Amino acid sequence: MDIGSNAATSTQPKLNEQYDYKKIEKIAHGIRQWVLELTIDKNGCYLSQALSGAETVAALYGGVMKLGKSQAPYIAPPFGGVPGENNKDYVTGSAYNGPTGPGYDRLLISPAHYAVVIYAALVETGRLSPESFKEFNVDGSIVEQIGAEHSPGFELTTGSFGQAISQAGGIAHARKMRHEDGRVFLFMSDGELEEGQTWEGIQAAAHYKLDNLVVYVDVNGQQYDGWTKDVMNIEPINSRIEAFGGTCVTVDGHNIEELVKASQTPTEGKPLFVLCYTNSAQGLPELDYRKPNLHFVRFRDHEVEQFKGILEDMKKGVR
75 MDIGSNAATS TQPKLNEQYD YKKIEKIAHG IRQWVLELTI DKNGCYLSQA LSGAETVAAL
135 YGGVMKLGKS QAPYIAPPFG GVPGENNKDY VTGSAYNGPT GPGYDRLLIS PAHYAVVIYA
195 ALVETGRLSP ESFKEFNVDG SIVEQIGAEH SPGFELTTGS FGQAISQAGG IAHARKMRHE
255 DGRVFLFMSD GELEEGQTWE GIQAAAHYKL DNLVVYVDVN GQQYDGWTKD VMNIEPINSR
315 IEAFGGTCVT VDGHNIEELV KASQTPTEGK PLFVLCYTNS AQGLPELDYR KPNLHFVRFR
375 DHEVEQFKGI LEDMKKGVR
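Sequential numbering from 75 applies to the sequence shown in our numbering.
Spelled out as structure tokens, the structure:
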């Protein structure tokens, strides 16, 4: 059956045949490795977001979402300008996630500074070339430090936090009206739960019974100004989301089986939220001492050789 058609298909999510749990684990390991290497080479990067979100993003690309083959160039082209009369062939970065037909799932990224995590996942799943990944934050490249709608894996520009849930809700509502089988997945960060628009979006999604909307939240408990609980306490997240009409599941954000199975939670006409509690130094305990100041990581001079050694160990598979 053509997954791009409107024909009825099973709505029960299944693990993609291409991957198993071990391979998803390998994707997560690769995400950390790529971003660590970039952090060393570029003298700074959003490394902790990769450490906390690696398994979640790996599970989405490797097991949870129904995606087709990439429709974008393996080697990322230079930025071609914004859409307009002279740029009618413009496509968004979502082409790297495959076609958007009725039977395919859609992925939206809310925290644009997690872009490097998405790029690394695309490399690990064969959708983007390693050479393109190394164009990260180079002038003229679409592989931007802060993802925009033309960046690989991105469908929206979400520079201001908390916007994407409303956009995801609109897309999910339209898909439901068209009786499309594909679901809309949204990846969020926990700090966005401090935004009022987020709660308006949750309430609207519940009102319109958008059970085709699945939101994975990276709850790493930290943000630019420190611990989230100290900046603005958002707990208990699960009961608050449920009070706004959503279905909520709490998982260990580094347990791939839990991440995959959470997507199968019955929702009964409600949007599904998966709270992924994570560690912002997962896989690199050498960074524990810096918590919660890990929003953007630069290695100090005396640390560079240490982390180069760790990177080599990761490449050899010894950690």
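By construction, the Cβ of each residue, glycine as well, lies at the ideal position given by its N, Cα and C atoms.
Note that this is a predicted model, so its numbers are computed, not measured.
{"Query": "Just how far apart, CA to CA, sit Gly236 and Gly175?", "Result": "26 Å"}
{"Query": "With Val378 as the anchor, note down where its alpha helix (DSSP H) starts and where it stops.", "Result": "Val378 to Lys390"}
{"Query": "Could you check whether Trp273 and Phe318 sit closer than 8 Å to each other, using their CB atoms as the reference points?", "Result": "yes"}
{"Query": "Can you name, in chain order, every residue of its own chain whose Cβ lies under 6 Å from the Cβ of Gln123, other than the five neighbours on each side?", "Result": "Tyr188 and Val191"}
{"Query": "Give, in chain order, every unbroken run of the alpha helix (DSSP H) that is at least 4 residues long and sits entirely within the region 106 to 166.", "Result": "121 to 133"}
{"Query": "Note down the Cα distance separating Tyr170 from Arg180, rounded to an integer number of angstroms.", "Result": "11 Å"}
{"Query": "Going straight from the alpha carbon of Ser84 to that of Phe261, what length do you get?", "Result": "Its pLDDT being 38, under 50, Ser84 is placed unreliably in this model, and the coordinates cannot settle the point."}
{"Query": "Identify whether Asp292 lies in helix, strand or coil by the three-state DSSP scheme.", "Result": "strand"}
{"Query": "Is it true that the region 299 to 314 meets the region 250 to 267, where meeting means three or more beta-carbon pairs spaced less than 8 Å apart?", "Result": "yes"}
{"Query": "If Lys140 and Tyr178 are in contact, beta carbons under 8 Å, what's the gap, nearest whole angstrom?", "Result": "6 Å"}
{"Query": "Taking only runs that begin and end inside the region 226 to 313, name each unbroken beta strand (DSSP E) of 3 or more residues, in chain order.", "Result": "258 to 263 and 287 to 293"}
{"Query": "Could you check if Asn80 is buried or exposed, using at least 16 other CB atoms within 10 Å of its CB as the buried criterion?", "Result": "For Asn80, the predicted structure reports a pLDDT of 37, less than 50, and the residue's modelled location is therefore unreliable. The matter cannot be settled from this model."}
{"Query": "Helix, strand or coil, according to DSSP, for Met75 in the structure here?", "Result": "For Met75, the pLDDT reaches just 33, beneath the cut-off of 50, and the residue's location in the model is therefore unreliable, leaving the point undetermined."}
{"Query": "Quick check on Gly357: buried or exposed, where buried means 16 or more other Cβ atoms within 10 Å of its Cβ?", "Result": "buried"}
{"Query": "Helix, strand or coil, according to DSSP, for Ser84 in the structure here?", "Result": "Caution is warranted here: a pLDDT of 38 is assigned to Ser84, below 50, making its placement in the model unreliable, and the coordinate value is therefore given only provisionally. The answer is coil: DSSP assigns Ser84 none of H, G, I, E or B."}
{"Query": "Let's see if you can read the secondary structure: which residues bound the alpha helix (DSSP H) around Phe373?", "Result": "Looking at the DSSP string, Phe373 is not in any alpha helix (DSSP H), and its letter there is neither H nor E."}
{"Query": "Give a yes or no on whether the C-beta atoms belonging to Pro147 and Ile216 are separated by under 8 Å.", "Result": "no"}
{"Query": "Looking only at its own chain, which residues have a Cβ that is under 6 Å from the Cβ of Ala278, when we skip the five neighbours before and after it?", "Result": "Gly243"}
{"Query": "Can you name, in chain order, every residue of its own chain whose Cβ lies under 7 Å from the Cβ of His247, other than the five neighbours on each side?", "Result": "Tyr282 and Leu284"}
{"Query": "Taking all protein chains shown into account, do 16 or more other C-beta atoms lie within 10 angstroms of the C-beta of Tyr363, making it buried, or fewer, making it exposed?", "Result": "exposed"}
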